[in-house]
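Residue numbers (UniProt numbering): 1 to 97.
Beta carbons are placed, not taken as given, at the ideal position from N, Cα and C, and that holds for glycine.
Keep in mind it's a predicted model, so treat the numbers as computed, not measured.
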């Protein structure tokens, strides 16, 4: 059963990654999204359950240079940031989307 849960997490993570890229790609290059936007896009009524993984996805995309995570307009590490954050395109966005 643990393998099934792991597979579900991997699928959800990939869906969240695609949602982040898609949502940012539909907006102006200087626009941002909230991790909850991606969680809502893939999680339906249970989107709040996807929020921790949405922040993990944001961290991984930031590590890869695809996005940057901001709080109050300043770049932050989403792993240590407390409170609301925004996700913006970074230099590697076009190559990843």
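1. Roughly how many angstroms lie between the CA atoms of residue 3 and residue 57, to the nearest whole one?
2. Out of curiosity, what's the CA-to-CA distance linking residue 22 and residue 89?
3. Taking residue 57 as part of the alpha helix (DSSP H), name the residues at either end of that continuous run.
4. Hey, out of 15, 87, 83, whose CA is closest to residue 65's CA?
5. Taking the beta carbon of residue 32 as the centre, do at least 16 other beta carbons fall within 10 Å, making it buried, or is it exposed?
6. What residue does the alpha helix (DSSP H) around residue 42 start on, and which one ends it?
7. Assuming residue 35 and residue 48 make a contact with CB atoms under 8 Å, what is their CB distance in whole Å?
8. Which ranges does the beta strand (DSSP E) cover as unbroken runs of at least 3 residues, wholly within the stretch 67-95, from first to last along the chain?
9. Less than 8 Å separating the beta-carbons of residue 69 and residue 76?
Taking the coordinates as given:
1. Note that residue 3 has pLDDT 41, beneath the 50 cutoff, so the model's placement of it is unreliable and the number below is only indicative. Each residue's Cα considered, the two are about 20 Å apart.
2. C-alpha separation (whole angstroms): 11 Å.
3. Taken as a continuous stretch (DSSP letters only), the alpha helix (DSSP H) holding residue 57 covers 51-63.
4. Checking every option, the nearest Cα to that of residue 65 belongs to 87.
5. Label assigned to residue 32: buried.
6. Going by DSSP, residue 42 is part of the alpha helix (DSSP H) stretching over 35-43.
7. Separation of the CB atoms of residue 35 and residue 48 is rounded to 11 Å, and the pair is thereby denied contact status at 8 Å.
8. Listed in chain order, they are 67-71, 86-89.
9. Yes, Cβ-Cβ distance for residue 69 and residue 76 is below 8 Å.
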